[in-house]
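Here my numbering is used: the first residue of the sequence shown is 1260, the next is one more, and so on.
Cβ coordinates follow ideal geometry from the N, Cα and C atoms, glycine included.
Structure, as structure tokens:
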Amino acid sequence: MNLSARFKRSNPFAEFPREVSVLVFSSFFVAVGFGIIAPTIPLFAKSFGVNNAQVGLIISSFAFARFASGLFAGKLVDKFGERIVYTTGIGFVAISSFAAAFAQNYEQLLSFRAAGGLGSSMFSVAAGSIMLRATDDSRRARAQSLYNSSFLVGMMAGPVIGGFLTAFSLRAPLLVYGVLLIVSSVAGGFLLRNSVLAARPTEKSVQEKTSIREALSSKPYLIALTISFCSASVLFGMSRSILPLFMVEEMKSTAGYLGLGFTISSVIQGLLLIKAGGLSDSRGRKFSAIMGTSLLAISVVVLVGTVQPWMFLLSMVIGAFGSIFLSSTAAIVGDVMKGKGGQVIALFQMSGDAGAMVAPIALGFIADHYGFRPAFAVSAGLMFIALFAATKLPETRASHLGQSS
């Protein structure tokens, strides 16, 4: 085997179009920056003398603005093309980050962070549109997993840098985040300048478009929305709200032990995401959906019966394996789309955002009034709903059509 062949075999980007590597590269800076500010935003908000609920509102405002502007962002993608919307969206978040860094009161910080949600919606929908259309269904899940891996690695690296910057100033992480976003925006805009996929739609490409009405008439798309909502409710809702409280208040665990569990989960995902994407491409979307939903359901059931701290670690390991299979759910959307479909992708992303927004409130209410275990039981119920939906998923990968119904 010559040197060129060896490089191609070891290079994870070799089999994909150039757009995939560009997005992975550019989005890595976004992820690092977001990881940098994640632990800092609550501290910065607190510095204005507000209560915990107001701190939570700062975080929720970004998520709500991102959710509320999803379909609008999709419409922009369909009209102006992915390149313009991607670079403009990241640039908008950069401006809002710089503004937030110089906020003089709580109200200004709240407004600037909320404004950033619009930009986040724009670039994430644009990136999703490129990723799902850049590859055919034999490689789509692997490309999506590679993209998700860049975010995961960036998010793991960010908090370390953010902690160091916070020691100097609570405003510094937001400034650095803004700089990293500018790098990402400029790099993405320059490297995608000749991309036909990311270009402004032509008359022909407008004709090759999937509308929301067409997508909602597709059974696989509806199932993908269901799985996305349920899994996000657990992975981004339950895990980031009541689970830490359960471990500290009921299991009497330390923050370090809690961090160990989340770190183990992140490492497993980082190591195996691309492998799981390959299994989705080779064995089909239904296989991955059933594996992911069943494993995540089992992990939550373990939490329901947790009586020792080590059971939390077991749950995190099982959940990590479920998560890596569910990372390719977006490939189902790409399989059923024909041509551009910015709003179709936006609605799919909004289904996950909705789960991440609703779950902390609903599960927190259940935990307050009935206890943590009933809240975990409700979370498990959501995943069993997702599992049932996955068993009804018609195979969307072309080479597997006809194998399931």
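Residue(s) in a DSSP beta bridge with residue i
i	result
Lys1599	Lys1468
Residue i classed as buried or exposed, judged by whether at least 16 other C-beta atoms fall within 10 angstroms
i	result
Ile1620	exposed
Gly1515	exposed
Glu1278	buried
Val1419	exposed
Gly1578	buried
Tyr1629	exposed
Asp1627	exposed
Ala1657	exposed
Ser1409	buried
Ser1476	exposed
Leu1551	Per the sequence shown, the amino acid found at residue 1551 is Gly instead of Leu. It is buried - the Cβ of Gly1551 has at least 16 other Cβ atoms within 10 Å.
Leu1622	buried
Phe1607	buried
Thr1655	buried
Thr1513	exposed
Gly1308	exposed
Gly1543	buried
Phe1631	buried
Arg1452	exposed
Ala1426	exposed
Arg1670	Outside the displayed range of the chain (1260 to 1664) lies residue 1670, so it cannot be described from this structure.
Ala1359	buried
Ser1306	exposed
Ala1634	buried
Leu1369	buried
Leu1439	buried
Phe1505	buried
Leu1530	exposed
Gly1593	buried
Thr1469	buried
Phe1580	buried
Phe1423	exposed
Distance between beta carbons of residue j and residue i, contact taken as under 8 Å
i	j	result
Ser1379	Phe1488	That belief does not hold up - the Cβ atoms of Ser1379 and Phe1488 are roughly 19 Å apart, past 8 Å.
Gln1602	Asp1337	7 Å
Ser1404	Leu1573	With 8 Å as the limit, Ser1404 and Leu1573 do not qualify as a contact, their Cβ atoms being about 24 Å apart.
Ile1389	Leu1282	6 Å
Val1493	Met1616	Incorrect: roughly 14 Å between the Cβ atoms, too far for contact.
Leu1517	Val1507	7 Å
Ala1446	Phe1284	7 Å
Leu1456	Arg1392	6 Å
Ser1444	Ala1353	6 Å
Met1596	Gly1520	Wrong, their Cβ atoms sit about 37 Å apart, outside the cutoff.
Ala1297	Gly1421	7 Å
Phe1382	Tyr1345	5 Å
Asp1540	Ala1400	5 Å
Of the listed residues the options, nearest to residue i (C-alpha basis)
i	options	result
Ser1328	Phe1287, Ile1318, Val1384	Val1384
Leu1502	Asn1407, Val1526, Ser1428, Ile1625	Ile1625
Glu1473	Gly1598, Val1637, Ala1353, Ala1431	Gly1598
Ala1548	Phe1284, Ile1644, Ala1618, Arg1325	Ile1644
Val1637	Gly1536, Gly1496, Ser1582, Val1507	Gly1496
Lys1478	Ala1457, Val1561, Gly1448, Lys1545	Lys1545
Glu1274	Leu1330, Thr1394, Ala1332	Thr1394
Gly1417	Tyr1436, Tyr1406, Ala1402	Tyr1436
Phe1293	Gly1340, Val1314, Leu1434, Leu1330	Leu1434
Phe1647	Ile1604, Val1561, Ile1482, Val1438	Ile1482
Ala1590	Ala1402, Val1314, Lys1334, Tyr1345	Ala1402
Gly1340	Val1560, Gly1600, Ala1639	Gly1600
Asp1612	Thr1485, Ala1360, Leu1530	Thr1485
Ile1295	Asn1311, Ala1386, Arg1430	Arg1430
Gly1333	Leu1538, Ile1317, Ile1471, Val1595	Ile1471
Ser1356	Asn1407, Ile1300, Lys1305	Ile1300
Gly1387	Arg1342, Ala1360, Gly1422, Ala1312	Arg1342
Ala1605	Tyr1480, Phe1371, Thr1347, Leu1519	Tyr1480
Val1563	Gly1640, Pro1432, Pro1298	Gly1640
Phe1371	Arg1325, Val1344, Tyr1406	Arg1325
Gly1315	Arg1499, Ile1441, Tyr1406	Arg1499
Phe1361	Phe1331, Ser1524, Phe1303	Phe1303
Pro1276	Leu1450, Pro1432, Ile1317, Phe1423	Leu1450
Open item on the list: For the pair the stretch 1642-1652 and the stretch 1565-1576, tell me if three or more CB-CB distances fall below 8 Å.
Closed with: no
Task: Sufficient close CB pairs (3 or more, under 8 Å) joining the stretch 1360-1376 to the stretch 1316-1324 - done: yes
TODO: Determine, using beta-carbon pairs with one atom in the stretch 1544-1562 and one in the stretch 1481-1500, whether at least three such pairs fall under 8 Å.
DONE: yes
- [ ] Taking 8 Å as the threshold, find out whether the stretch 1360-1372 comes into contact with the stretch 1577-1588 through three or more Cβ pairs.
- [x] no
Task: Stretch pair the stretch 1398-1413 + the stretch 1276-1292: three plus CB contacts closer than 8 Å - done: The stretch 1398-1413 makes contact with the stretch 1276-1292: 3 or more CB pairs, one atom from each, lie closer than 8 Å.
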